[in-house]
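Numbering (full-length UniProt numbering), first residue to last: 1 to 263.
Virtual Cβ for every residue (Gly too), placed ideally from N, Cα, C.
Just so we're clear, the structure is a prediction, and the values are computed from it rather than from any experiment.
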């Protein structure tokens, strides 16, 4: 990096994208790097500004082909501001929902006396981590927006709202996930084999928990979510974390691959 340019890795980190995504944008002619004296591709202020505009339009639901056509025409500053205001309105709604969910979590912790025992303690710590992640949603949202269009994000939220009758029900479902992830972390720490009965019970519970939502959102959105988690090592940072570690994801996938379906 120089005071005037960024490398592809630096730009990917700064924009919450991946080098693979940036290369794809380059191949489509959406952004254009320049060559440094040593021949390496670098990005100047013009390229970074163009990338910011491309990502904004992508979050608004435009396809890359549509964005390429739009990039040929100048965009009025008022239009960009209006688009940002629309996005902030959506984020405000999400933040209000998070606040309500944290209140419900606090109530359920008190009513169900969660927090006693080794696994429950681990689950409680994961709940705290999820709370921190919710407060850092601005860090995570660009990743979600990279994999899902605004209409797909609305469909996710619609199905979540339909699937759960109330905030308490949603939070209790989340607590079940958190405790299951804690069990998986514990099993990994004890070097439990993915083919073992314990691992098979864990993957069975995992599939049972995700099945209703998987059925609700449909195969296309579910595949996109799977891709996002498969690539989590490309976008995770200390401030931007998935709800489970890559080790847990690998453990569950290996256990699922060895799962024996009864005739």
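Cβ shell of residue i (< 7 Å), same chain only, five flanking positions each side left out
i           : result
residue 12  : 18, 19 and 22
residue 192 : 198 and 199
residue 246 : 232 and 233
residue 142 : 16
residue 28  : 64 and 68
residue 9   : 19
residue 44  : 4, 5 and 34
residue 235 : 16, 18 and 143
residue 242 : 229, 232 and 236
residue 259 : 200 and 203
residue 46  : none
residue 189 : none
Sequence-distant residues of the same chain with beta carbon closer than 6 Å to residue i, five excluded per side
i           : result
residue 244 : 181
residue 54  : 30 and 67
residue 14  : none
Residue of the options minimising C-alpha distance to residue i
i           : options             : result
residue 195 : 46, 99 and 250      : 250
residue 6   : 16, 33, 28 and 25   : 33
residue 148 : 69, 210, 56 and 36  : 56
residue 163 : 213, 82 and 188     : 213
residue 248 : 259, 187 and 219    : 187
residue 49  : 237, 259, 4 and 236 : 4
Beta-carbon separation (whole angstroms), residue i vs residue j, contact threshold 8 Å
i           : j           : result
residue 221 : residue 156 : 7 Å
residue 217 : residue 159 : 5 Å
Neighbourhood of residue i by C-beta distance below 8 Å, restricted to the same chain and skipping five residues each side
i           : result
residue 25  : 31, 51, 54 and 64
residue 35  : 41 and 42
residue 128 : Residue placement at residue 128 is flagged as unreliable, the pLDDT there being 47, under the threshold of 50; a coordinate-derived value is accordingly withheld.
residue 211 : none
residue 215 : none
Examine the Cβ distances between the region 237-256 and the region 197-217 and report whether three or more of them are shorter than 8 Å.
Short answer: they touch.
The region 174-181 / the region 222-237 touching (three or more Cβ pairs under 8 Å)
no
If you scan the UniProt domain "HTH merR-type" (5-73) from start to end, which runs of the alpha helix (DSSP H) of 4 or more residues do you find wholly inside it?
8-15, 19-27, 45-59 and 64-70
Whole alpha helix (DSSP H) elements within the region 200-243, 4-residue minimum:
219-230 and 232-235
Jot down the residue ranges of each uninterrupted alpha helix (DSSP H) in the region 141-178, minimum 4 residues, whole runs only, in chain order.
150-163
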